[in-house]
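Residue numbers (my numbering): 1 to 90.
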């Protein structure tokens, strides 16, 4: 039912947020542990920037490859004829 699906969706989002926050805190604790106190927060900022770039490139790559990997086709004769008449690609 819709209520069950909504409850599952809310529970999934809450679980994701808890896991994400836990990973972020543990990652920052690790960065604080390995960084040199003499440099201040500069090294922690560098490590965090590299971590952010490393986690974002799969999103960028998948969005970039979406258009070349998409197969387009017209379904049915009438839609192909309509597309041709309108000067559109099928």
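Cβ coordinates follow ideal geometry from the N, Cα and C atoms, glycine included. Because the structure is a prediction, the values reported are computed rather than measured.
DSSP-derived helix/strand/coil call for residue 85: helix
Taking just the CA atoms, how far does residue 85 sit from residue 61? 35 Å
Whole runs of the beta strand (DSSP E) within the segment 13-63, excluding any shorter than 3 residues: none
Pick out whichever of 20, 3, 9, 5 has its Cα sitting closest to the Cα of residue 55. 20
Where residue 4 sits in the DSSP three-state scheme: helix
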